[in-house]
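Trainee: Handing you a structure now.
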Amino acid sequence: MLATNNKKKIRSTTHAPEVVPASYSDKTVEGLIEKGTEYMLRHNMYQRLSNHAPISAHITDIMFPQAYMLSLTDLVYIAGKANLWADTRSNALKELVNHKACDKGNWKIDYIYSHKGYKAFDTKRKASEWIGYIFDSSLSVER
465 MLATNNKKKI RSTTHAPEVV PASYSDKTVE GLIEKGTEYM LRHNMYQRLS NHAPISAHIT
525 DIMFPQAYML SLTDLVYIAG KANLWADTRS NALKELVNHK ACDKGNWKID YIYSHKGYKA
585 FDTKRKASEW IGYIFDSSLS VER
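The opening position of the sequence shown corresponds to residue 465 in this note's numbering, with each subsequent residue numbered one higher.
As structure tokens, then:
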């Protein structure tokens with residue numbers, strides 16, 4: 465047995481860690497996710513309730529890889545994973561995604577986060593294959 469600084473004993477094991485089955489469910493986590501997506505839908509995914517303006521400076525920007533701020537890329541991913549596209553409260557997001565398309569099924573990155581050590585995957589000049597994949601995968605959930 466190993467002793468830690470607080471003198472608790474930790475049992476050492478030689479077997480592999482337990483694998484969580486794919487059907488694993490955590491009701492608390494699922495409840496929090498549902499509460500969060502409901503909050504997002506109440507705000508049409510990205511708008512202030514008072515005047516329908518974007519809730520933050522970069523929330524309507526397409527960026528990849530994502531930075532610390534919530535972006536359109538994140539919202540599209542969340543909407544697909546949480547199956548929110550069928551909800552009419554996601555219509556403003558759908559319209560924004562369609563408006564930002566440079567042609568059918570293609571989007572350009574419109575914001576590149578700049579910070580020491582951060583490397584953008586694409587430029588703003590041409591359609592992003594990364595974004596195309598993420599958006600098409602998310603939007604195909606709706607189809």
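C-beta: ideal position from N, C-alpha, C; glycine also.
Which residues bound the beta strand (DSSP E) around Ala565?
Mentor: The residue labelled residue 565 in the question sits at position 101 within the sequence shown. Element bounds for Ala565: Ala565 to Asp567.
Trainee: Quick check: what's the CA-CA separation for Ile526 versus Tyr532?
Mentor: Taking the sequence shown and counting its residues from 1, one reaches residue 526 at position 62. Taking the sequence shown and counting its residues from 1, one reaches residue 532 at position 68. Cα to Cα, the separation comes out at about 13 angstroms.
Trainee: Buried or exposed for Arg475, going by 16 or more other Cβ atoms inside 10 Å?
Mentor: If you number the sequence shown from 1, residue 475 lands on position 11. Confidence at Arg475 is low in this model, with a pLDDT of 47, below 50, so its placement is unreliable and the value that follows should be read with caution. Exposed: under 16 other Cβ atoms inside 10 Å.
Trainee: Alpha carbon to alpha carbon, what distance is there between Asp490 and Tyr577?
Mentor: Within the sequence shown, residue 577 is the residue found at index 113, counting from 1. Within the sequence shown, residue 490 is the residue found at index 26, counting from 1. Going from the Cα of Tyr577 to the Cα of Asp490 covers about 34 angstroms.
Trainee: Look at Phe626 and Ile497 and say whether their C-beta atoms are less than 8 angstroms apart.
Mentor: This structure cannot speak to residue 626, because the chain is shown only from 465 to 607.
Trainee: By how many angstroms is the C-alpha of Glu494 removed from the C-alpha of Ile523?
Mentor: Here residue 523 corresponds to residue number 59 of the sequence shown, with the count starting at 1. Here residue 494 corresponds to residue number 30 of the sequence shown, with the count starting at 1. Each residue's alpha carbon lies about 24 angstroms from the other.
Trainee: Rounded to whole angstroms, how far is the Cβ of Ser592 from the Cβ of Asp600, which I believe are closer than 8 angstroms?
Mentor: For this step, residue 592 is matched to residue 128 along the sequence shown. For this step, residue 600 is matched to residue 136 along the sequence shown. Rounded, the Cβ-Cβ distance is 12 angstroms, inconsistent with contact.
Trainee: Counting C-beta neighbours from all protein chains within 10 Å, is the total for Leu557 16 or more, i.e. buried, or is it exposed?
Mentor: For the purposes of this step, residue 557 is taken as residue 93 along the sequence shown, with counting starting at 1. Buried, since its Cβ has 16 or more Cβ neighbours within 10 Å.
Trainee: Is it right to say Gly569 is buried, meaning 16 or more other beta carbons lie within 10 angstroms of its own, or is it exposed?
Mentor: Along the sequence shown, one-based indexing puts residue 569 at 105. Gly569 is exposed by the Cβ-count criterion.
Trainee: Between which two residues does the alpha helix (DSSP H) holding Ala543 run?
Mentor: Here residue 543 corresponds to residue number 79 of the sequence shown, with the count starting at 1. Taken as a continuous stretch (DSSP letters only), the alpha helix (DSSP H) holding Ala543 covers Leu536 to Lys545.
Trainee: Using only CA atoms, which one of Ser535, Arg506, Thr501 and Leu513 lies nearest to Leu560?
Mentor: In the sequence shown, counting from the first residue as 1, residue 560 sits at position 96. Checking every option, the nearest Cα to that of Leu560 belongs to Ser535.
Trainee: I need the DSSP call for Trp549, collapsed to helix, strand or coil.
Mentor: Counting from one through the sequence shown, the residue named residue 549 turns up at place 85. Trp549 falls in the coil class under three-state DSSP.
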